[in-house]
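A.B. asks: One structure coming up, written as structure tokens, with questions to follow.
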Amino acid sequence: MSDQSHSESHDHVASHVRRYLLVFVALVIGTILTVWASYIRFPSREINIAVALVIASCKAFLVAGFFMHLVSEKKMIYGILGFTAFFFVGLMGLTLWSMGDFPLNTIFH
Amino acid sequence: MFNLMLKKSLLPFVFLFPALSGLSQGYDIHLSLKPFANSQVYLGYHYGKIKAVADSITLEGRIVKDRKDLFNLSTPFLGHPKQEEIEIKRSDIVKMSNYGPAHHDYNALYFTLTGLHALHVIGGACVIFYLWAFGAKMWEADPERFTNRVEVSGLFWHFVDLVWIFLFPVLYLL
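Residue numbers (the working numbering), protein chains in the order written: chain S, 1 to 109; chain R, 110 to 283.
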């Protein structure tokens, strides 16, 4: 962050760059894994979806954690993130909840 | 998934409808249409009128009215039901592509998700280009503000990336 940026030495920057490159390689591997896993015939499609979303979540953790510095943040940021997560889950939950909610005698084509 | 959807929508040229209105009282309507080559047929039911929507002007259509007569002696066990044929007037056939978002739920979602994402990518790329080409002067004048700009645009860029991490498998692989 900006408050440490002045004291950062060259080595420090280099180690940061190395870390970001490592994360990049991990993301590329994750992408390859996702494509590969999508061709596996699991007993059910739900498993395919679960596997893809688990890999995507790991990649999301890497991006949010390292590229967006969330692994080393101040407490307040986590608080705001918690709010976001709460409302995101709420929105998804309300959508799912409303999926079966149709007026009587609705005709589906 | 997208290809699969296309193939699926090519297959059923015969649509089954529940008994709906005066025209179909007590009947199921199967629409059998002979579309030209790869043309798509979309049948919608709208305000008591049959509406056939196709993207080909060479559509020949007729509705085969099937009577669901369980005790029909000629078709004891799920055989071919008795059929009556009805001509659809040419004026009742609306010609349009049913791939348009207004007529295709999947495409509506697909183009909203990818199009909106593309706009964000373009916007983020513009910001990064500006910081790289014109904004970098600020590195001399006010480095702290400049690093904050890089930081903030980086957060935006990576959040857009985060969205794509989920969109890509959901849209193209599952």
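Here a beta-carbon is modelled for each residue, glycine too, at the ideal position from N, C-alpha and C. The model shown is predicted, which means the values in this text are computed figures rather than measured ones.
(1) Just verifying my parser: in three-state terms, what is the DSSP assignment at residue 77 (chain S)?
(2) Can you grab the Cα-Cα spacing for the pair residue 88 (chain S) / residue 78 (chain S), in whole Å?
(3) Taking all protein chains shown into account, decide if residue 266 (chain R) is buried (16 or more other Cβ within 10 angstroms of its Cβ) or exposed.
(4) Taking 9 Å as the threshold (C-beta atoms), are residue 244 (chain R) and residue 255 (chain R) in contact?
(5) Short check: CB of residue 283 (chain R) to CB of residue 223 (chain R), under 9 Å?
(6) Taking the alpha-carbon positions, what's the residue 240 (chain R) to residue 259 (chain R) distance?
(7) In whole angstroms, what separates the C-alpha of residue 49 (chain S) from that of residue 93 (chain S)?
(8) Under 9 Å, Cβ to Cβ, is there at least one residue of chain R near residue 19 (chain S)?
(9) I want to see whether chain S comes within less than 9 Å of residue 284 (chain R), judged by CB atoms only; does it?
(10) Among the candidates S:55, S:84, S:46 and S:44, whose CA atom is the shortest distance from the CA of residue 28 (chain S)?
(11) Which of the three DSSP states, helix, strand or coil, is assigned to residue 252 (chain R)?
(12) Please confirm whether residue 95 (chain S) has its beta-carbon closer than 9 Å to some beta-carbon of chain R.
(13) Mind listing the chain R neighbours of residue 38 (chain S)? Cutoff is C-beta to C-beta under 9 Å, in chain order.
(14) Could you tell me the boundaries of the alpha helix (DSSP H) in which residue 45 (chain S) lies?
(15) Using the beta-carbon count (16 or more within 10 Å), is residue 34 (chain S) buried or exposed?
(16) In chain S, which residues lie less than 7 Å from residue 222 (chain R) when you measure between Cβ atoms?
(17) What is the residue span of the alpha helix (DSSP H) that residue 213 (chain R) lies within?
(18) Residue 52 (chain S): buried (16+ other C-beta within 10 angstroms of its C-beta) or exposed?
(19) For chain S, find out if any of its Cβ atoms is closer than 9 Å to the Cβ of residue 270 (chain R); answer yes or no.
(20) Using only the alpha-carbon positions, how far apart do residue 216 (chain R) and residue 278 (chain R) sit?
(21) Taking 6 Å as the limit between beta carbons, can you name the residues of its chain near residue 247 (chain R), skipping five residues before and five after?
(22) Give me the subset of the segment 42-63 of chain S whose CB atoms are less than 7 Å from a CB atom of chain R, sorted by chain position.
(23) Taking only three categories from DSSP, how would you classify residue 281 (chain R)?
(24) Helix, strand or coil: which one does DSSP assign to residue 257 (chain R)?
C.D. replies: Reading off the structure:
(1) Within the first sequence, numbered from 1, the residue matching residue 77 (chain S) stands at position 77. Note: residue 77 (chain S) maps to helix in three-state DSSP.
(2) Locating residue 88 (chain S) in the first sequence gives position 88, where the first residue counts as 1. Locating residue 78 (chain S) in the first sequence gives position 78, where the first residue counts as 1. Straight-line Cα distance between these residues: approximately 15 Å.
(3) Residue 266 (chain R) sits at position 157 when you count from the first residue of the second sequence. Result: buried.
(4) Position 146 of the second sequence holds residue 255 (chain R). Position 135 of the second sequence holds residue 244 (chain R). Going by C-beta atoms, residue 255 (chain R) is nearer than 9 Å to residue 244 (chain R).
(5) On the second sequence, residue 283 (chain R) is found 174 positions in, with the first residue counted as 1. On the second sequence, residue 223 (chain R) is found 114 positions in, with the first residue counted as 1. The answer is no: Cβ separation not under 9 Å.
(6) Here the question's residue 240 (chain R) lines up with position 131 in the second sequence. Here the question's residue 259 (chain R) lines up with position 150 in the second sequence. Looking at the two C-alpha atoms, the distance is approximately 7 Å.
(7) Taking the first sequence and counting its residues from 1, the one referred to as residue 49 (chain S) is at position 49. Taking the first sequence and counting its residues from 1, the one referred to as residue 93 (chain S) is at position 93. Answer to the nearest angstrom: the Cα atoms are 18 Å apart.
(8) By 1-based counting over the first sequence, the position of residue 19 (chain S) is 19. For residue 19 (chain S), the answer is no, since every Cβ of chain R falls outside 9 Å of its Cβ.
(9) Residue 284 (chain R) falls outside the range modelled here, since chain R spans only 110 to 283, and no answer is possible.
(10) As a first step, residue 28 (chain S) is located in the first sequence; it is residue number 28 there, counting from the start. Answer by Cα proximity: S:55.
(11) As a first step, residue 252 (chain R) is located in the second sequence; it is residue number 143 there, counting from the start. If DSSP states are grouped into helix, strand and coil, residue 252 (chain R) belongs with the helices.
(12) Locating residue 95 (chain S) in the first sequence gives position 95, counting from the first residue. So, not an interface residue.
(13) Against the first sequence, residue 38 (chain S) aligns to sequence position 38. Neighbours of residue 38 (chain S) on chain R, chain order: 278, 281, 282 and 283.
(14) Counting from 1 along the first sequence, the entry for residue 45 (chain S) is found at position 45. Here the alpha helix (DSSP H) through residue 45 (chain S) covers 45-62.
(15) In the first sequence, residue 34 (chain S) corresponds to position 34, counting from 1. Per the 10 Å Cβ criterion, buried.
(16) As a working mapping, residue 222 (chain R) is identified with position 113 in the second sequence. Near residue 222 (chain R) there are no residues of chain S at all, since even the closest Cβ is about 15 Å away, more than 7 Å.
(17) Mapped onto the second sequence, residue 213 (chain R) falls at position 104. Element bounds for residue 213 (chain R): n/a, residue is neither H nor E.
(18) Sequence index remark: in the first sequence, residue 52 (chain S) carries index 52 (1-based). Per the 10 Å Cβ criterion, buried.
(19) On the second sequence, position 161 is the one that residue 270 (chain R) refers to. Yes, residue 270 (chain R) lies at the interface with chain S (some Cβ there is under 9 Å from its Cβ).
(20) In the second sequence, the residue the question calls residue 216 (chain R) occupies position 107. In the second sequence, the residue the question calls residue 278 (chain R) occupies position 169. Each residue's alpha carbon lies about 16 Å from the other.
(21) By one-based count along the second sequence, residue 247 (chain R) stands at place 138. If we look at residue 247 (chain R) and ignore the five residues flanking it on each side, its Cβ neighbours are 255.
(22) 48, 49, 52, 56, 59, 60 and 63
(23) In the second sequence, residue 281 (chain R) corresponds to position 172, counting from 1. In this structure, residue 281 (chain R) counts as helix in the three-state DSSP scheme.
(24) Against the second sequence, residue 257 (chain R) aligns to sequence position 148. DSSP places residue 257 (chain R) in helix when its eight states are reduced to three.
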